[in-house]
Amino acid sequence: MIPLERVRADFPILGRTVQGKPLIYLDSAATAQKPRQVLDALRAFYERSNANVHRSIHTLGEEATELLEAARDRVQRFIGAAEREEIVFTRGTTDAINLVAQTWGRRALGPGDEILLTEMEHHSNLVPWQLLAQETGATLRHIPVTDEGYLDLEVLDRLLTPRTRLVAVTHVSNVLGTINPVARLIARARRVGARVLVDGAQAVPHLPVDVRALGADFYVFSGHKMLGPTGIGVLYGRREVLEPLTPAWGGGEMIREVWLDRATWNDLPWRLEPGTPPIAGAVGLAAAIDYLEGVGLDAIRAHEVALTRLALERLGQVEELTCYGPRDAEAKGGVVAFNLAGVHPHDLAAALDLDGIAVRAGHHCAQPLMRRLGVVGTARASFYLYNTAAEVEALVVALLRAQDLLGLRPSGLSGPAGPRASRT
Ligand code: PMP
């Protein structure tokens, strides 16, 4: 059980109002709010230890370096990586995927090779591979999504062949919430000799993840979705896969020796971290991991399953509302995408905002998935450890009100009550 009152008190932003109403923040899949402990760690770093890292002989430089490298150890333990050298700091998930494409991908792929993606990927896990395919002559293939919102693994044998060099798949869909069977996919990919990249942007913040148990070659995620600051992310890569990589970007830190016309490379992980790294970001990320582990990932997961189950049940009672993705709360992360018939999701989000409720609306950086669903976009409510059952109920009440406001009674709340109004 999550000590909800105590947890909520740790998040200063939850005390504010929006449009005169208490904020109900249901957009953590886009970015999570930050607890005081993370804000304090950032402030303490800037107030006491701020300096650039590595090669610095002075005290502050050494303190900053220690903090950065301690954050790397913290991440390593958190995701179960075998070695600290396997943790590369990036700017986020997008940056990490592009880094893999431009280092490993350029080296490993050629004409006729295949990259296997899925129809439910975020643009971050589609476009870098499209660019790479154009550059190398490789071909893209996609695992389809079933009507229920799962990956269609029946066709996997046909799609996964000895020509497949890479499988890149999201662990948890940012739209459907589907938790994909990545361990099974990795085992299957291994059999044909393909590498696997897992996009863990929606998984690491919400579920216990052990990269070694999964067997992933690459696993990527963002700090800002897991209570940490923006501008920091992680590329985990198995040492054996990272070791042969030459850098895609040059600059300070990533070199051993530089001449006017050439350079040699630093060891892992710094070889893949050109320039000044996100030092404060790493400090904040370590504090975020401390916070998540203090509450417990199992407790967070159980809390989100309960909220998602309630949301699916209550939203299912709203007339003319369609939910997308698995109906089983255990099979999905804390994400519920939905549409109200006849209402553009942007209008819906704007109406909910009037009630202080933040939901995301649009294509969620997953346009191919929107086409598969046959919609231009959806509204999306997403939950985290600080959300409550009362907030889910408030969402449903606000939706019914929005239905009146936008659909049945476009003139506003002053007209005669429509049939749904009596239910609010
Ligand atoms: N993949 C998934 C599944 C995501 O949900 C997101 C963020 N919406 C990303 C990748 C991209 O993350 P970032 O913008 O932090 O790089």
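Take the sequence shown: its letters are residues 1132 to 1555, numbered as in the numbering used here. Glycine included, C-beta positions come from ideal geometry on N, C-alpha and C.
If we ignore side chains and look at the alpha-carbon of each, how far apart do residue i and residue j end up?
i: Asp1484; j: Ala1413; result: 33 Å
i: Leu1154; j: Ala1344; result: 39 Å
i: Leu1198; j: Ile1410; result: 8 Å
i: His1495; j: Arg1174; result: 32 Å
i: Ala1564; j: Ile1188; result: This structure does not reach residue 1564, given that the chain is present from 1132 up to 1555, and the question cannot be answered.
i: Asp1204; j: Arg1215; result: 6 Å
i: Ala1482; j: Met1357; result: 28 Å
i: Glu1371; j: Gly1236; result: 15 Å
i: Leu1263; j: Thr1225; result: 14 Å
i: Phe1514; j: Thr1439; result: 8 Å
i: Ala1510; j: Thr1162; result: 16 Å
i: Val1426; j: Ala1529; result: 30 Å
i: Ile1363; j: Gly1354; result: 5 Å
i: Ala1512; j: Asn1518; result: 11 Å
i: Pro1499; j: Ala1213; result: 36 Å
i: Lys1463; j: Asp1429; result: 14 Å
i: Gly1383; j: Trp1390; result: 13 Å
i: Gly1280; j: Thr1453; result: 13 Å
i: Thr1249; j: Ile1218; result: 26 Å
i: Arg1502; j: Leu1416; result: 35 Å
Please report the residue range of the alpha helix (DSSP H) in which residue i lies.
i: Ile1228; result: Thr1224 to Val1231
i: Ile1410; result: Ile1410 to Val1426
i: Phe1209; result: Thr1190 to Ile1210
i: His1477; result: Pro1476 to Asp1484
i: Trp1260; result: Val1258 to Thr1267
i: Ala1497; result: Note, Ala1497: premise wrong, no alpha helix (DSSP H); not H, not E.
i: Asp1171; result: Arg1167 to Ala1175
i: Leu1345; result: Val1342 to Leu1345
Output yes or no for whether 9 Å exceeds the beta carbon distance between residue i and residue j.
i: Ala1227; j: Val1327; result: no
i: Val1184; j: Pro1408; result: yes
i: Gly1465; j: Thr1309; result: no
i: Leu1471; j: Ala1533; result: yes
i: Ala1460; j: Ala1437; result: yes
i: Tyr1156; j: Leu1170; result: no
i: Leu1247; j: Val1303; result: no
i: Val1340; j: Ala1332; result: no
i: Asp1158; j: Ala1489; result: yes
i: Arg1319; j: Leu1287; result: yes
i: Phe1220; j: Glu1424; result: no
Would DSSP call residue i helix, strand or coil?
i: Leu1135; result: helix
i: Gly1353; result: According to the sequence displayed, residue 1353 carries Ser and not Gly. Strand at Ser1353.
i: Arg1315; result: helix
i: Ile1363; result: coil
i: Gly1368; result: strand
i: Asp1244; result: coil
i: Ser1513; result: strand
i: Thr1234; result: helix
i: Thr1292; result: coil
i: Thr1249; result: strand
i: Thr1277; result: coil
i: Pro1143; result: helix
i: Ala1437; result: helix
i: Val1286; result: helix
i: Arg1387; result: strand
i: Arg1215; result: helix
So the beta strand (DSSP E) residue i belongs to, where does it begin and stop?
i: Glu1524; result: Looking at the DSSP string, Glu1524 is not in any beta strand (DSSP E); the run it does join, the alpha helix (DSSP H), is Ala1520 to Ala1533.
i: Ile1218; result: Ile1218 to Thr1221
i: Leu1452; result: Leu1452 to Tyr1455
i: Val1467; result: Val1466 to Leu1471
i: Val1329; result: Arg1326 to Asp1330
i: Ala1394; result: Ala1394 to Trp1396
Using beta carbons (cut-off 9 Å, strictly below), is residue i in contact with chain B?
i: Trp1235; result: No chain B appears in the structure shown, which is made up of a single protein chain.
Problem set entry | Residues whose Cβ lies closer than 5 Å to any heavy atom of the ligand PMP, in chain order | Gly1223, Thr1224, Thr1225, His1253, Ser1255, Thr1301, Asn1305, Asp1330, Ala1332, Gln1333 and Ser1353
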